[in-house]
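Participant: Sending over a structure as structure tokens; questions will come in a sec.
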Ligand code: HEM
């Protein structure tokens with residue numbers, strides 16, 4: 161790993177080579193921006209060659225700014241797209257992002273309906289599934305005589321996907337199709353998941369359409385004969401009369417598989433990696449699993465910050481902390497950088513499973529878009545680590561994990577573990 165001192169001018173967050181660097185190197189660069197250039201701007205990424213460039217975006221790296229901008233959703237809008245730094249057509253934003261790419265009042269209306277899938281009661285019902293799936297996946301590895309497997313393929317990846325599929329009532333034989341489509345949508349351009357193409361937009365569209373198609377078929381079945389799954393509830397309005405149209409449902413499903421999958425997958429893999437690299441933290445957690453799980457789960461999310469950034473677009477001219485933003489300016493809220501801000505976190509580069517308080521922004525800043533699935537994710541991560549401690553107490557990472565080359569998700573593609 162290179163340790164040469166960095167200069168702000170050497171940092172280019174738009175260059176994909178930046179994201180291909182070792183993680184620590186990226187953290188160092190983001191820390192430098194946070195200290196010296198908290199509103200630094202970068203060119204809009206080019207999705208395909210020759211595409212006309214839109215406005216530059218500002219990288220927001222201080223915790224206080226990420227929090228303030230997330231709160232001021234009327235000035236820092238999501239409707240021009242939260243998950244792409246490049247301006248995309250509105251239809252594409254809606255198909256892909258559902259409520260994550262909307263502002264109130266439409267956002268609030270859809271969020272009210274879909275929140276039903278995330279009430280404490282629904283979560284309690286889903287917990288049996290979460291425990292069952294975690295036990296099964298971890299059990300299969302424990303019983304595998306190989307003694308060495310890829311954790312991502314065997315546990316981190318199938319775990320959250322199976323939960324979302326069960327929650328929505330998707331038949332298991334569509335599992336591979338869903339996985340392939342989400343990988344393309346979330347690849348951030350990693351060539352392993354992006355088949356050779358000169359038109360990535362078309363690939364993204366096809367992936368979105370295949371998820372939409374699965375949902376349209378399921379919706380037709382559930383409209384004819386509803387069950388107790390979330391799809392039926394959202395379609396029929398069986399709880400309080402409000403419901404989604406089939407198209408709104410399809411787009412929400414795309415958001416769920418995208419938002420709920422790779423994020424939890426990343427947290428699981430990074431958690432195992434962090435415990436393997438910090439054995440004293442692992443011992444502390446293993447010694448009091450129930451007592452430490454709540455803080456450990458938050459620390460894993462802070463530590464790895466699965467989602468690197470979300471975008472906002474200024475709705476009006478605004479002077480913020482001495483910086484003059486113009487209507488139409490774009491900002492990217494860099495959660496991973498904010499989560500290592502020494503103004504907020506004591507020894508931010510220390511992984512501490514008992515860290516408290518831990519006001520991280522890994523699930524987004526406070527405001528209308530705060531992660532709807534945060535409690536589900538917390539439950540999933542807590543349960544899977546409980547199972548890992550129980551069934552694979554001597555689990556350790558072998559060698560270096562293979563990282564996803566993405567500016568958006570701090571993902572791990574492959575990670576060999578021995579037990
Ligand atoms: C460790 C796991 C997770 C992380 C780190 C994470 C992160 C985030 C972040 C940063 C946002 C904020 C978006 C913004 O402010 O623009 C968000 C929103 C969202 N997340 Fe999560 N998420 C996780 C798990 C999940 C799960 C399991 C689900 C559902 C199955 C989910 C569903 C959503 C939804 C629907 C939104 C949009 C909320 C809105 O716009 O009102 N997330 N998530």
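In the working numbering, the protein residues as written are 161 to 579. Built from N, CA and C at the ideal position, the CB exists for glycine as well.
(1) For the alpha helix (DSSP H) holding residue 426, just list the boundary residues, first then last.
(2) For residue 564, I'd like the list of residues in its chain whose CB is within less than 6 Å of its CB, leaving aside the five on either flank, ordered along the chain.
(3) Three-state secondary structure (DSSP) at residue 199?
(4) Out of 198, 203, 217, 204, which one is the CA nearest neighbour of residue 486?
(5) Touching or not, the segment 522 to 540 and the segment 420 to 435, by the rule of three or more beta carbon pairs under 8 Å?
(6) May I ask you to list the residues that DSSP assigns as paired with residue 236?
(7) Just checking, does the segment 235 to 254 make contact with the segment 468 to 485 on the three C-beta pairs under 8 Å criterion?
(8) What I want to know is whether the C-beta of residue 464 ends up closer than 6 Å to one or more non-hydrogen atoms of the ligand HEM.
(9) For residue 413, which residues of its own chain have a beta-carbon under 7 Å away from its beta-carbon, when the five flanking residues on both sides are left out?
(10) Helix, strand or coil for residue 270 per DSSP?
(11) Is residue 277 near residue 406, with beta carbons less than 7 Å apart?
(12) Using the rule of at least 16 other Cβ atoms within 10 Å of the residue's Cβ for burial, across every protein chain shown, is residue 222 buried or exposed?
(13) Which value, in whole angstroms, describes the spacing of the CA atoms of residue 248 and residue 265?
(14) Check this for me: beta carbons of residue 429 and residue 316, under 7 Å apart or not?
(15) Following a CB-centred definition, is residue 505 positioned closer than 6 Å to any heavy atom of the ligand HEM?
(16) Any idea which residues DSSP pairs residue 490 with across the strands?
(17) Can you give me the start and stop residues for the beta strand (DSSP E) that residue 485 sits inside?
(18) For the segment 449 to 459 and the segment 167 to 175, state whether three or more C-beta atom pairs, one from each stretch, are separated by less than 8 Å.
(19) Are there 16 or more other CB atoms within 10 angstroms of the CB of residue 294, so buried, or fewer, so exposed?
(20) With respect to 6 Å, is the separation between the Cβ of residue 483 and the closest non-hydrogen atom of the ligand ADP below this value?
(21) Would a C-beta distance cut-off of 7 Å place residue 219 and residue 492 closer than the cut-off?
(22) Using a threshold of 7 Å, state whether the C-beta atoms of residue 579 and residue 555 are closer than that.
(23) Grab me the residues of residue 513's own chain with a C-beta within less than 7 Å of its C-beta, minus the 5 sequence neighbours each way, in chain order.
(24) Once DSSP output is grouped into helix, strand and coil, what is the label at residue 352?
(25) Return the CA-CA distance between residue 490 and residue 298, expressed in angstroms with no decimal places.
(26) Since I believe residue 204 is in contact with residue 245 (beta carbons under 8 Å), could you give me their beta-carbon distance rounded to a whole number of angstroms?
(27) Sorted by chain position, which residues of the same chain lie with C-beta nearer than 8 Å to residue 161's C-beta, five sequence neighbours on each side aside?
(28) Specify the secondary structure class of residue 480 as computed by DSSP and reduced to three states.
(29) Mind reading off the beta-carbon distance from residue 242 to residue 471? Whole number of angstroms is fine, and I expect it under 8 Å.
(30) For the segment 524 to 579, list the alpha helix (DSSP H) runs that are entirely contained and at least 4 residues long, ordered along the chain.
(31) How many whole angstroms separate the CB atoms of residue 364 and residue 345, which I take to be in contact at a CB cut-off of 8 Å?
(32) Under the assumption that residue 496 contacts residue 227 (Cβ atoms under 8 Å), give the Cβ distance between them as a whole number of angstroms.
(33) When you compare only the Cα positions, how much space is there between residue 179 and residue 173?
(34) Verify the contact flag: residue 271, CB atom, against every heavy atom of the ligand HEM, threshold strictly below 6 Å.
(35) Hey, is residue 523 close to the ligand HEM, as in C-beta under 6 Å from one of its heavy atoms?
(36) Is residue 204 helix, strand or coil when you go by DSSP?
Facilitator: The short version:
(1) Judged by DSSP secondary structure, residue 426 falls within the alpha helix (DSSP H) whose first and last residues are 406 to 437.
(2) So the list reads 350, 571, 573, once near-sequence residues are dropped.
(3) In the structure shown, residue 199 adopts coil according to DSSP, grouped into three states.
(4) With distances taken between Cα atoms, residue 486 lies closest to 217.
(5) Contact between the segment 522 to 540 and the segment 420 to 435 is present, with at least three C-beta pairs closer than 8 Å.
(6) Note: residue 236 sits in a beta bridge opposite 474.
(7) Cβ pair count under 8 Å is three or more, so yes.
(8) Residue 464: no, Cβ never under 6 Å from the ligand HEM.
(9) So the qualifying residues of the chain are 328, 371, 375.
(10) Helix at residue 270.
(11) Not in contact: residue 277 and residue 406 (Cβ atoms no closer than 7 Å).
(12) With 16 or more neighbouring CB atoms inside 10 Å of its own CB, residue 222 falls in the buried class.
(13) CA-to-CA, the gap between residue 248 and residue 265 works out to about 21 Å.
(14) If you check the CB distance, residue 429 and residue 316 come in under 7 Å.
(15) Checking the 6 Å criterion, the Cβ of residue 505 is out of range of every heavy atom belonging to the ligand HEM.
(16) DSSP output for residue 490 lists 217, 473 as bridge partner(s).
(17) 483 to 485 is the span of the beta strand (DSSP E), which, as asked, contains residue 485.
(18) Segments in contact, no.
(19) Buried, by the Cβ-count rule.
(20) Absence of the ligand ADP from the depicted structure is noted, with the ligand HEM being the only ligands included.
(21) Contact annotation: residue 219 and residue 492 have beta-carbon atoms nearer than 7 Å.
(22) Against a cut-off of 7 Å, the Cβ pair of residue 555 and residue 579 comes out as a contact.
(23) Contacts found: 441, 444, 445, 452, 455, 456, 459.
(24) Three-state result, residue 352: coil.
(25) Approximately 43 Å between the Cα atoms of the pair.
(26) Your pair residue 245 and residue 204 checks out as a contact, with CB atoms roughly 6 Å apart and the cut at 8 Å.
(27) Per-residue confidence for residue 161 stands at a pLDDT of 45, beneath the threshold of 50, marking its modelled position as unreliable; the derived number appears in the next sentence. Excluding sequence positions up to five before and after residue 161, its CB lies within less than 8 Å of the CB of 182, 184, 185, all in the same chain and listed in chain order.
(28) In the three-state reduction of the DSSP assignment, residue 480 falls in the strand class.
(29) About 5 Å; that satisfies the 8 Å criterion.
(30) Segments of the alpha helix (DSSP H) lying fully in the segment 524 to 579: 534 to 551.
(31) About 6 Å separates the CB atoms of residue 364 and residue 345; that is less than 8 Å, so the two are in contact.
(32) That pair is no contact at about 15 Å.
(33) Rounded to the nearest whole angstrom, the CA to CA distance from residue 179 to residue 173 is 8 Å.
(34) Taken from the Cβ of residue 271, at least one heavy atom of the ligand HEM lies inside 6 Å.
(35) Yes, Cβ of residue 523 sits closer than 6 Å to a heavy atom of the ligand HEM.
(36) It is coil, neither helix nor strand.
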